[in-house]
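Here's the structure we're looking at; comments come further down.
Numbering (the working numbering), first residue to last: 1179 to 1252.
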């Protein structure tokens, strides 16, 4: 009887493992742009998640000038 009592515990421990792949960081396309003073630029931020999850893109305040977005852009 004692060996039967331990069998479920051994099976439970053997079944516990790391079968899930590690979460990978999003991949963002590098972007570097330069413009003359008072000249607007259009840019598209492109990023993907290796696991296919939705991404939340946030832009910080620029040191100079302004950043604006369009509907659905961010």
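From the three backbone atoms N, C-alpha and C, an ideal C-beta is built for every residue, glycine too. Bear in mind that the values here come from a model prediction, so they are computed numbers and not experimental data.
Assuming residue 1218 contacts residue 1204 (C-beta within less than 8 angstroms), just tell me the rounded distance between them.
Indexing the chain shown from 1 puts residue 1218 at position 40. Indexing the chain shown from 1 puts residue 1204 at position 26. The C-beta distance from residue 1218 to residue 1204 rounds to 27 angstroms, too long to meet the 8 angstroms contact threshold.
Is the separation between the beta-carbon of residue 1207 and that of residue 1223 shorter than 9 angstroms?
In the chain shown, the residue the question calls residue 1207 occupies position 29. In the chain shown, the residue the question calls residue 1223 occupies position 45. Contact annotation: residue 1207 and residue 1223 have beta-carbon atoms nearer than 9 angstroms.
Three-state secondary structure (DSSP) of residue 1226:
Locating residue 1226 in the chain shown gives position 48, counting from the first residue. Residue 1226 falls in the strand class under three-state DSSP.
Measure from the alpha carbon of residue 1220 to the alpha carbon of each residue in 1209, 1230, 1229 and 1227, then state which is nearest.
Residue mapping note: residue 1220 aligns to position 42 of the chain shown, counting from 1. Closest by alpha carbon: 1209.
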